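First comes the structure, then the notes that go with it.
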Amino acid sequence: MKWEGQRESENVEDVRGSGGGGLPIGGRGLSLGGVVIALLASWIFGVNPLAVLGLLDGGGGPAQAPTPAQTHPQDPEARFVSTVLADTEDVWSAYFQRTGQAYPAPKLIIYRGRYPTACGAGEAAMGPFYCPADRKVYIDLGFYDTLRERLGAPGDFAQAYVIAHEVGHHLQNLMGTTDKLDAARGRVSQREANAMSVRLELQADCFAGVWANLSQRGKGWLEQGDVEEALNAATQIGDDTLQKRARGTVVPESFTHGSSAQRVGWFKRGLEAGDLKACDTFNKSSSAG
70 MKWEGQRESE NVEDVRGSGG GGLPIGGRGL SLGGVVIALL ASWIFGVNPL AVLGLLDGGG
130 GPAQAPTPAQ THPQDPEARF VSTVLADTED VWSAYFQRTG QAYPAPKLII YRGRYPTACG
190 AGEAAMGPFY CPADRKVYID LGFYDTLRER LGAPGDFAQA YVIAHEVGHH LQNLMGTTDK
250 LDAARGRVSQ REANAMSVRL ELQADCFAGV WANLSQRGKG WLEQGDVEEA LNAATQIGDD
310 TLQKRARGTV VPESFTHGSS AQRVGWFKRG LEAGDLKACD TFNKSSSAG
C-alpha cells in the first residue's frame with residue numbers, strides 16, 4: 070500500500086502521553102472484533118464477549134475525557150493511521166456530496182492502555198472501537214502487534230481495513246442504524262440481540278469494502294496482495310475462528326461479529342460493488358445471520 074506522501078488527517082489526537090485511567094468499563098461502543106486477551110478469555114468461559122466489555126447492556130455512565138493538547142503523531146505507525154483516516158474522509162465526503170449531504174468526519178484518538186471516553190473507559194484489550202456517543206474512533210496501536218503476531222494477520226492493508234471498519238460504524242451512526250438497533254435490543258432475547266450485532270458488524274465490513282473500492286479508484290495506491298491481507302484479517306477475526314482458537318468448539322448462537330466466511334463475504338461484496346446500497350445486511354433474505 071503506497072501511503073507515504075499522502076495527506077494525513079487533522080482529526081487525529083495522539084494522547085498516548087496524557088494518561089487518563091481509573092474508570093470502569095461501560096457504556097455503548099462498537100469494537101472491530103474484540104480479538105485480544107479479554108475476548109479470548111470470554112470465549113473460553115462461554116460468556117458473550119460484548120457483555121464482558123459492557124458494550125451491549127449500556128452499563129456504566131459516560132466518562133468525561135480530559136482535553137489533551139492536539140498533537141500530530143510523528144511515528145510511522147501513527148502516521149499510517151492518520152493517512153488512512155484522511156482517505157476515508159476524502160472518500161466519504163465525496164460519496165455524501167453526490168447525494169447533497171455533508172459528511173461530518175469522526176475524530177480518531179490514539180491512546181495507550183486505557184482512556185476515558187463517552188462510552189466508558191476504553192481498554193487496549195477491547196481492540197479498536199467506535200463510540201457513537203462522542204463520534205470518535207479509539208485505537209491502541211499495540212492492537213496491530215496482536216493482529217500480526219497472535220492472530221496471523223500481518224500487512225498494512227489489514228491495518229487499513231481495521232480503521233475502515235470502525236469508520237463504517239461511524240457511517241451507521243450517522244444513518245441512524247445504531248440507535249435503531251440499540252432500541253430493538255431491549256425488546257429481544259440475548260440470542261436475537263447477538264444476531265443483530267452480527268448484522269451490524271457485517272455491514273461495517275461491507276462499508277470497509279466499499280471504501281477500498283472507491284479509494285483505489287481515486288488513488289490507485291493498492292499493491293499486489295493488499296486485498297488478500299484484508300481478507301485474511303477478516304478471516305482471523307471471525308467468531309468461529311476465534312472460538313476454535315480459544316476452546317476448540319464453536320457456538321454459533323453466541324456469535325456477535327459473524328463467522329469468518331460471512332466477514333470475508335460482506336467485505337468482498339462491498340469491494341466489488343463500490344456502493345453502500347450493496348450492504349443491506351439487515352435484509353432477512355441476506356446471508357448475514
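The opening residue of the sequence shown carries number 70 in my numbering; numbering runs sequentially from there.
Each residue gets a CB set at the ideal place from its N, CA and C atoms; glycine is no exception.
Everything numeric in this text was worked out from a predicted model, so none of it was measured.
{"query": "Same chain, Cβ closer than 6 Å to E270, neighbours up to 5 away in sequence not counted", "result": "H326, G327"}
{"query": "Limits of the alpha helix (DSSP H) - the one that T350 falls within", "result": "First-last for T350: undefined, no H or E at that position."}
{"query": "Proximity test, T157 beta-carbon vs the ligand GTP heavy atom, cut-off 7 Å", "result": "By its list of ligands, the structure shown contains no ligand whatsoever, and the ligand GTP lies outside what it can speak to."}
{"query": "4 or more residues per run - each alpha helix (DSSP H) lying fully within the region 130 to 203", "result": "145 to 166"}
{"query": "Residue range of the beta strand (DSSP E) that includes L205", "result": "A quick correction: the sequence has Lys, not Leu, at residue 205. Unbroken beta strand (DSSP E) run through K205: 205 to 209."}
{"query": "C-alpha distance - A302 paired with T168, whole-angstrom precision", "result": "32 Å"}
{"query": "DSSP-derived helix/strand/coil call for A248", "result": "The sequence given here places Asp at residue 248; Ala does not occur at that position. Residue state, collapsed to three classes: helix."}
{"query": "Buried/exposed call for L340, threshold 16 Cβ in 10 Å", "result": "buried"}
{"query": "CB of A155 within 8 Å of CB of S266, strictly", "result": "no"}
{"query": "For D83, the residue or residues it bridges with in DSSP", "result": "I179"}
{"query": "Residue range of the alpha helix (DSSP H) that includes Q331", "result": "329 to 342"}
{"query": "Beta-carbon spacing of V84, Y184 below 8 Å", "result": "yes"}
{"query": "Distance between G289 and I179 (C-alpha atoms, nearest Å)", "result": "27 Å"}
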